Structure formats: C-alpha cells, structure tokens
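Residue numbers (this note's numbering): 1 to 345.
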Amino acid sequence: MAISTIEWSDGRIKMIDQTLLPNEFKQIYCDDLESIWEAIKSLRVRGAPAIGIAGALGTVLGIWDSKAETYQEFMKALKSATDYLATSRPTAVNLFWALDRMTKTAEANSHLSIPKLKDRLLAEAEEIIEEDKAMCRAIGQHGMALLHENDTILTHCNAGGLATSDYGTALAVMFSAHDAGKNIKVFADETRPLLQGARLTTWELMQAGIDVTLICDNMAAQVMKEGKIQCVIVGADRIAANGDTANKIGTYNVAILAQAHDIPFYVAAPTSTLDFALETGAEIPIEQRSAEEVTEGFGKATAPEGVKVYSPAFDVTPASLVSAIITEKGIARAPFTESLKALRG
Ligand code: MRU
1 MAISTIEWSD GRIKMIDQTL LPNEFKQIYC DDLESIWEAI KSLRVRGAPA IGIAGALGTV
61 LGIWDSKAET YQEFMKALKS ATDYLATSRP TAVNLFWALD RMTKTAEANS HLSIPKLKDR
121 LLAEAEEIIE EDKAMCRAIG QHGMALLHEN DTILTHCNAG GLATSDYGTA LAVMFSAHDA
181 GKNIKVFADE TRPLLQGARL TTWELMQAGI DVTLICDNMA AQVMKEGKIQ CVIVGADRIA
241 ANGDTANKIG TYNVAILAQA HDIPFYVAAP TSTLDFALET GAEIPIEQRS AEEVTEGFGK
301 ATAPEGVKVY SPAFDVTPAS LVSAIITEKG IARAPFTESL KALRG
C-alpha cells in the first residue's frame with residue numbers, strides 16, 4: 001500500500017475509511033477511544049492484522065491524555081481502555097493478542113515515569129506495525145512457492161494491504177508471485193453482505209496490475225467445475241490449535257467446493273492469528289452482525305421490511321479441508337496440531 005492503512009499521527013490515529021471504498025478514498029482521524037471503537041465495529045478498519053494494529057494504537061490513544069500520576073492509576077486507565085476495545089469485535093484473535101501485548105509491555109516497564117511509559121507503549125504499537133509489514137512479505141515469499149505459472153487463484157473477502165499494514169496475507173502471495181514475474185490470474189468472490197471482495201480486493205489487485213475477475217459468491221462452484229481455478233487462498237481471523245480456521249462467512253462453502261473439485265485450499269495468516277488456547281474451531285466466538293447489513297446494505301432495501309435475519313460474520317472451516325497454512329515462519333500441513341506448534345516455536 002502506498003498509503004498506510006492505519007497509523008499514528010500526532011496524537012491521533014489516521015486510517016483509510018474502508019467503508020467508502022472503492023467510490024471514495026478518504027483518510028479519517030480517530031482522536032478518542034470511542035471513535036476508534038466505532039471504526040473497528042463499523043469496519044472502517046478491518047481484517048484481522050489491521051484490527052490488531054487498531055487495538056494497539058487504540059490502547060495508546062486510551063492512555064495518551066491520561067492524568068494518572070502513579071503507575072497504579074496508569075494501569076487502571078490502560079485496563080479500562082483495553083477492556084473497552086476488546087468489546088468491539090469478537091472473532092479476530094489479533095485484537096486480543098495486541099491488547100495483551102500492550103498490557104504486558106506496560107507491566108514490564110513499571111519502572112518508567114508515566115510520560116516515558118506512554119512513549120514506550122507507542123513504540124510497542126509501532127513495532128507491531130513494523131513486524132506486520134515483515135510478516136506480509138514473508139508470507140508472500142513462502143506462499144508463492146505454491147503457485148505455478150498461469151495459475152488462477154480464487155480468493156474470498158479481503159486479505160490484502162487494507163487488512164494489514166502492508167501487503168496482506170492471502171493477497172501477499174499473489175502480489176509476490178506477480179512481482180516475481182509469474183503469470184497469475186485471480187477470481188474474487190464479491191463476499192456478501194459487505195462486499196469486501198468486490199469493493200476492496202478487486203480494487204487492490206487492479207491497482208497492482210493483476211488480472212482479476214469478480215464473481216458473485218454463488219458462482220464459485222460453476223467456475224471451479226469449468227476448470228478455471230487451480231487453487232484457493234484465503235486469510236484467517238483465528239486458527240485453533242488443530243488448524244480449524246475462522247474466516248469471513250462463506251469461506252467454509254468455498255473450502256467444501258474446493259475439496260469437491262480436487263482443488264488445493266490454502267489459508268494465509270500470521271502466527272499472531274493462531275489461538276492455541278482453543279483446541280478446535282468449535283470454541284471460536286462468531287460475531288453476529290446487524291440485520292440491516294443483509295436487508296439494506298449500502299442503502300437500498302433488498303428484502304421486505306421486518307423479515308427475520310440471521311447474520312454470522314464468520315464461519316469455521318474444518319482443518320480437514322485445509323491443504324496448508326502459510327505463515328510468516330513457513331508452511332504448515334496436516335497434522336496441524338503438530339506442525340503449527342512447531343512453527344510457532
Ligand atoms: O469482517 P472483516 O472484513 O474484518 O473480515 C475480514 C476477513 O475475514 C479476512 O479474510 C481476515 O481478517 C484476514 S485479513 C488478512
């Protein structure tokens with residue numbers, strides 16, 4: 001990304017408002033905890049790694065103007081900020097990983113004065129951003145080895161630069177292959193109901209000069225049957241210890257279709273998306289979104305008023321459908337319980 005998805009800017013958080021893309025490219029500022037919470041909740045900033053960064057920067061925002069005079073008072077303010085941010089979205093573990101890392105940093109630096117502690121926390125958040133950039137590049141390098149000349153890849157939702165601080169995860173594999181001169185093509189699912197695939201993934205790939213074709217979610221089976229897809233690559237919001245993977249709703253459908261057509265199904269995600277506290281995906285909390293996103297997304301009613309709606313924002317793909325998990329530390333294959341543990345170290 002030529003322009004940062006999300007960054008710290010003079011005591012405020014600056015981000016691309018992703019709800020406006022692709023029609024309008026606008027950067028907005030969050031200058032208090034409520035506005036960064038709202039930005040995460042309403043998907044102005046979205047995608048697991050970017051949500052983690054928003055959590056880290058949001059923690060800094062939460063304590064930046066704190067008048068705390070003692071370490072205990074400071075930690076109380078920090079806890080209230082992290083507890084609040086933790087209520088924004090439940091599924092992407094990167095948020096909780098980043099909030100925890102910020103808390104541990106404050107705990108490890110209790111000897112610092114309050115102003116120095118604030119600077120230390122900002123430095124930690126900036127470090128998370130730098131690590132995220134390196135992670136994207138490494139995932140790209142590892143993942144491109146799985147692609148062949150003239151492959152066409154199907155992806156779902158957006159796991160690109162907009163979902164991270166640099167190159168993305170699933171899209172990093174495509175960007176890296178393209179940069180290395182491999183001839184690849186991409187099919188992007190539009191990704192109902194919020195259209196991250198149509199609005200964001202195609203936008204990013206077109207800017208990079210990658211051949212991308214948009215399809216509605218329900219076209220994937222036919223496109224696979226026609227032999228147009230050589231592999232699927234998606235991102236992840238949380239991966240349980242056994243490799244079960246939560247990602248945008250509809251990913252599980254794609255994984256079943258991939259298996260039915262004997263097409264490899266790859267997940268690309270940083271190790272910060274692994275949640276070893278959960279043995280299987282059954283324990284992953286699934287965010288429920290509002291009915292309006294389904295019945296009148298983007299301002300136009302597409303269902304009768306008052307209709308009942310069920311709208312889980314994520315689903316869990318069983319590890320048995322995952323051919324490999326591409327991380328910044330290398331590629332894990334089944335049995336994932338062992339391979340993921342070995343990778344995380
Ligand atoms: O609801 P969203 O847009 O935050 O969902 C995003 C996804 O499901 C992504 O695929 C996932 O977070 C990985 S982003 C690198």
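The beta-carbon is built from N, C-alpha and C at its ideal position, and this holds for glycine as well. Predicted model, so just to flag it, every value in this text is computed and none were measured.
Sequence-distant residues of its chain with Cβ nearer than 8 Å to residue 381 (five each side left out): With the chain covering only 1 through 345, there is no way to say anything about residue 381.
First through last residue of the alpha helix (DSSP H) which encompasses residue 179: 170-179
Assess, as a yes-or-no matter, whether the region 149-165 is touched by the region 186-201 under the definition of 3 or more beta carbon pairs within less than 8 Å. yes
Assess contact between the region 190-199 and the region 269-279, defined as three or more Cβ pairs (one per stretch) separated by less than 8 Å. Is contact present? no
Enclosing beta strand (DSSP E) for residue 20 [first to last residue]: Unbroken run through residue 20: none, as it is neither H nor E.
As a quick exercise: from 239, 149, 178 and 144, pick the residue whose alpha carbon is nearest that of residue 93. 239
Below 8 Å between beta carbons: does that hold for residue 130 and residue 161? no
Nearest-angstrom beta carbon gap, residue 169 and residue 235 [assumed within contact, 8 Å]: 5 Å
Fully enclosed by the region 85-146, which alpha helix (DSSP H) runs are 4 residues long or longer? 93-108 and 114-144
Taking 7 Å as the cut-off, is the CB of residue 164 close to at least one heavy atom of the ligand MRU? yes
heavy atom of the ligand MRU below 7 Å from residue 76 C-beta: no
Could you tell me the alpha carbon to alpha carbon distance between residue 338 and residue 58, rounded to whole angstroms? 34 Å
What is the rounded straight-line gap between the Cα of residue 334 and the Cα of residue 341? 12 Å
Residue of 47, 27, 308 and 208 minimising C-alpha distance to residue 179: 208
Once DSSP output is grouped into helix, strand and coil, what is the label at residue 82? helix
What are the partner residues of residue 30, as DSSP defines its beta bridges? 13
How would the residue list near the ligand MRU read, in chain order, if you kept each one whose beta-carbon is closer than 5 Å to any heavy atom? 46, 47, 48, 157, 159, 163, 169, 196, 235, 237, 247 and 248
Closer than 8 Å to chain C by CB, residue 119: Note that chain C does not occur in the displayed structure, where there is just one protein chain.
Where does residue 49 fall in DSSP's three states? helix
Assumed close pair residue 317, residue 247 - CB separation to whole angstroms, cut-off 8 Å: 7 Å
Would you mind reading off the limits of the beta strand (DSSP E) that contains residue 254? Note, residue 254: premise wrong, no beta strand (DSSP E); alpha helix (DSSP H) at 251-260.
If distances are taken between C-alpha atoms only, which option among 151, 97 and 18 comes closest to residue 128? 97
If I measure Cβ to Cβ from residue 138 and keep anything under 7 Å in the same chain, skipping five residues before and after, which residues do I get? 328
Please state the DSSP three-state secondary structure of residue 330. strand
Quick one: using the 10 Å Cβ neighbour count with 16 as the cut-off for buried, is residue 147 buried or exposed? buried
Reduced DSSP secondary structure (H/G/I, E/B, other) of residue 238: strand
C-beta contact flag for residue 184 and residue 232 at 8 Å: no
Determine the burial state of residue 307: buried for a count of at least 16 other Cβ atoms within 10 Å of its Cβ, exposed for fewer. exposed
Express the C-alpha separation of residue 177 and residue 346 in angstroms, rounding to a whole number. In the structure as shown, the chain starts at 1 and stops at 345, and residue 346 therefore has no counterpart that could be examined.
Distance between beta carbons of residue 296 and residue 313, contact taken as under 8 Å: The Cβ separation is near 17 Å, so there is no contact.
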